[in-house]
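Q: Once you've had a glance at the structure underneath, I'll fire off some questions.
Residue numbers (this note's numbering), protein chains in the order written: chain R, 1 to 117; chain W, 118 to 234.
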């Protein structure tokens, strides 16, 4: 069974400081990994994804994530946080299926990021 | 803006009633998934439809059912509502194509907030 753990429920960071959000996954095959961001009362916006290749992936809004197979991790980072980055962040895992259609995403519980001025 | 729309935005129902939520997929997407996001939790996969057929189901009872129409829009129906059904219901669409990473990005709508009293 696939699962995702986000160990940090809340993180508070000062504006301009760096941010790292942790994500550990369990998946029986080659995983496809995603980070989504959700602002209050909104849907999910895709920040970045990893399918294969370079293990350091760049996303939107200055975010990047590094896939480490040996640690089953896919941590999200941003060098300098802006007040607008305050939101909830979700890590998700999916996988390739033989059939063209269909692949569910399994999400972690989320990490809420608060940004101090 | 992902191009995925959902209606209604908010809904209040009484326990035991039935509800229908609607989703319009992004243009060109033939696969739609529904997720339930309870307060303070990550989204949980309900089911997925590909070309009008259910193509995967999560751990939800049969009173959760769905439809996908020829234009790839979709409905989620929930019968005999329970208090625990109160949640944000998210619809996500993607292209159901094979190939390296193709179509595995899911684009989420803004969700429907369902409150059961």
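Ideal Cβ placement from N, Cα and C applies to all residues, glycine included. Predicted model only: the values in this text are computed from it and were never measured.
At a Cβ cut of 7 angstroms, what residues of the segment 65-86 of chain R count as close to chain W, listed as they run along the chain?
A: Taking 7 angstroms as the Cβ-Cβ cut-off against chain W, none of the residues of the segment 65-86 of chain R qualify.
Q: Whether or not the segment 120-132 of chain W and the segment 75-85 of chain R are in contact is what I'm after, with contact meaning three or more pairs of Cβ atoms, one per stretch, closer than 8 angstroms; do they touch?
A: no
Q: Considering Cα atoms alone, identify which of R/109, R/24, R/89 and R/111 is closest to residue 46 of chain R.
A: Within the first chain, the letter at position 46 stands for residue 46 of chain R. Answer by Cα proximity: R/89.
Q: Looking only at its own chain, which residues have a Cβ that is under 6 angstroms from the Cβ of residue 232 of chain W, when we skip the five neighbours before and after it?
A: Here residue 232 of chain W refers to the residue found at position 115 when the second chain is read from its first residue. If we look at residue 232 of chain W and ignore the five residues flanking it on each side, its Cβ neighbours are 129 and 203.
Q: Does DSSP classify residue 182 of chain W as helix, strand or coil?
A: For the purposes of this step, residue 182 of chain W is taken as residue 65 along the second chain, with counting starting at 1. Residue 182 of chain W falls in the strand class under three-state DSSP.
Q: Measure the Cβ-Cβ separation of residue 164 of chain W and residue 173 of chain W and say whether it is below 9 angstroms.
A: Position 47 of the second chain, counted from the first residue, corresponds to residue 164 of chain W. Position 56 of the second chain, counted from the first residue, corresponds to residue 173 of chain W. At the C-beta level, residue 164 of chain W and residue 173 of chain W come within 9 angstroms of one another.
Q: CB-CB under 6 angstroms to residue 216 of chain W, same chain, minus the five flanking residues each way: which ones, in chain order?
A: Here residue 216 of chain W corresponds to residue number 99 of the second chain, with the count starting at 1. Residue confidence for residue 216 of chain W is low, a pLDDT of 43 falling below 50, so the modelled location carries little weight; the figure read from the coordinates is stated next. Excluding positions up to five away in sequence, the list is empty.
Q: Since residue 125 of chain R contacts residue 86 of chain R with CB under 8 angstroms, what's their CB separation in whole angstroms?
A: Only positions 1 to 117 of chain R appear in this structure, which leaves residue 125 of chain R out of reach.
Q: Looking at the structure shown, is residue 76 of chain R part of a helix, part of a strand, or coil, going by DSSP?
A: Counting from 1 along the first chain, the entry for residue 76 of chain R is found at position 76. Judged by DSSP in its simplified three-state form, residue 76 of chain R adopts strand.
Q: Can you give the Cα-Cα distance for residue 73 of chain R and residue 222 of chain W, rounded to whole angstroms?
A: One-based indexing of the first chain puts residue 73 of chain R at position 73. One-based indexing of the second chain puts residue 222 of chain W at position 105. Looking at the two C-alpha atoms, the distance is approximately 20 angstroms.
Q: Hey, how far is the Cα of residue 6 of chain R from the Cα of residue 133 of chain W?
A: One-based indexing of the first chain puts residue 6 of chain R at position 6. One-based indexing of the second chain puts residue 133 of chain W at position 16. So the two alpha carbons sit approximately 35 angstroms from each other.
Q: Is there at least one Cβ from chain R nearer than 9 angstroms to residue 217 of chain W's Cβ?
A: Taking the first residue of the second chain as 1, we reach residue 217 of chain W at position 100. In this prediction, residue 217 of chain W scores a pLDDT of 44, lower than 50, which makes its location untrustworthy; the coordinate-derived value is nonetheless stated afterwards. Cβ-Cβ to chain R under 9 angstroms: yes for residue 217 of chain W.
Q: For residue 83 of chain R, report the span of its beta strand (DSSP E) as first-last.
A: Counted from its first residue, the first chain places residue 83 of chain R at position 83. Here residue 83 of chain R belongs to no beta strand (DSSP E), and DSSP marks it neither H nor E.
Q: Measuring only between beta-carbons, confirm whether residue 152 of chain W sits less than 9 angstroms from chain R.
A: Taking the second chain and counting its residues from 1, the one referred to as residue 152 of chain W is at position 35. It does: the Cβ of residue 152 of chain W has a partner Cβ on chain R nearer than 9 angstroms.
Q: Rounded to whole angstroms, what is the Cα-Cα separation between residue 93 of chain W and residue 18 of chain R?
A: With chain W covering only 118 through 234, there is no way to say anything about residue 93 of chain W.
Q: Do residue 9 of chain R and residue 109 of chain R count as a contact pair if the criterion is CB distance below 9 angstroms?
A: Sequence index remark: in the first chain, residue 109 of chain R carries index 109 (1-based). Sequence index remark: in the first chain, residue 9 of chain R carries index 9 (1-based). Yes, Cβ-Cβ distance for residue 109 of chain R and residue 9 of chain R is below 9 angstroms.
Q: Could you name the residues of chain R that residue 120 of chain W contacts, counting a contact when the two beta carbons are closer than 8 angstroms?
A: In the second chain, residue 120 of chain W corresponds to position 3, counting from 1. For residue 120 of chain W, no chain R residue has a C-beta closer than 8 angstroms to its own C-beta; the minimum C-beta separation is roughly 12 angstroms.
Q: Since residue 207 of chain W and residue 226 of chain W should fall inside the 8 angstroms C-beta cutoff, what is the C-beta to C-beta distance between them, to a whole number of angstroms?
A: For this step, residue 207 of chain W is matched to residue 90 along the second chain. For this step, residue 226 of chain W is matched to residue 109 along the second chain. Indeed they touch by this definition, with Cβ atoms about 6 angstroms apart.
Q: Within 9 angstroms (strictly less), CB to CB, does residue 230 of chain W reach chain R?
A: Taking the first residue of the second chain as position 1, residue 230 of chain W is located at position 113. Yes, contact with chain R.
Q: Residue 122 of chain W: beta carbon under 8 angstroms from a heavy atom of the ligand GDP?
A: As for the ligand GDP, it is missing from this structure, which has no ligand bound.
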